[in-house]
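Residue numbers (UniProt numbering): 1 to 344.
Report on one structure; see the data block that follows.
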Ligand SMILES: [Zn+2]
């Protein structure tokens, strides 16, 4: 299961309808908590994200709207008895802030600190790329290795079935049949996360062929001077980054509180986003990673007409509605919100 859960969508200050930034990326067995701003712990409850699902926390930079939720989330993980290691990634120059936030939370979580000071792979399939903001900032990209999709009709024509198919996948050849004879390339899925930045090469690199691209969208095009001053993106710039990179789904977020309605920003981004689908995120939206499908030529193209698949409740952070339930009815949070729990 791979999906993005949007926990908050406001920059700088929260609003009545938008919490500070925060995102949870569910990626198979991993759970990445990205840029937890204030209030993230409570947003996780609304969104149905259990603290035990967080395996990795990624900070783009140490401005408050991207990290002040950290102590609360760590404290909650301790209360919930999370016993697996949690990796914390952040720009090296943010060390002092990060250590202070972690110290406030106290101990109780097996937290491993991983500062980074340059572009590169920081974990299996997880890259950081420098962005251009007022403090050291990195975007994140998660990449699945490219693979191959087996074609049942070609397997059948080759007379292959059962355990021998696994052998073919492992060895690349069984007898006279090569893996490439009975399969087509399957590009690995890509998720990219571009937060506070002016337009820059790093943002372009991150957007390159992203299946799901999240970008900040702090300002409308008419406020481009502010965007330049504070090194943020306008909606149009966010759209261009997605369009130029061939991204498939662009999720806009990190809106300035000056825009009560962000539909105009989405339209501005869409106008420059080429083939990318563009959605302005609301708090508690869920976005499944778009699927790919093969075409007979062996090339790949997006699934036509695929909806943005926004499934989350679009209420305010104070909405009484619970988040989208887990498949299979798994309880949203261990112990439940109402249950008695020890003092933190
Ligand atoms: Zn910010």
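Ideal placement from N, C-alpha and C gives every residue a C-beta, glycine not left out.
Quantities reported herein were computed from a predicted structural model and do not represent experimental measurements.
Distance from the C-beta of residue 256 to the nearest heavy atom of ligand 1 is not below 7 Å. Here residue 31 carries a strand assignment [DSSP, helix/strand/coil]. Cβ contact annotation for residue 228 (same chain, cutoff 8 Å, sequence separation greater than five): 198, in chain order. Residue range 111-116 is occupied by the beta strand (DSSP E) that includes residue 114. With contacts defined as CB atoms closer than 8 Å, residue 141 and residue 191 qualify as a contacting pair. Taken atom to atom, the span from the alpha-carbon of residue 262 to that of residue 68 is near 25 Å. Ranked by Cα distance from residue 290, the first of 54, 212, 165, 110 is 212. The beta carbon of residue 138 sits closer than 7 Å to those of 60, 91, 116, 128, 129, 130, 131, all from its chain and outside the five residues before and after it, given in chain order.
Here the distance from the Cβ of residue 223 to the nearest heavy atom of ligand 1 is not below 7 Å. Taking the CA atoms as reference points, residue 133 sits about 10 Å from residue 233. In the structure shown, residue 96 falls within a helical segment according to DSSP collapsed to helix, strand and coil. Inter-residue distance for residue 217 and residue 223 is about 11 Å (C-alpha atoms, whole angstroms). Residue environment for residue 96: exposed (fewer than 16 other C-beta atoms within 10 angstroms of its C-beta).
By the neighbour-count definition (other C-beta atoms within 10 Å, threshold 16), residue 146 is an exposed residue.
Taking C-alpha positions only, residue 214 is separated from residue 241 by approximately 11 Å. Taking C-beta atoms under 8 Å as the contact rule, residue 33 and residue 74 fail to qualify, at a distance of about 10 Å.
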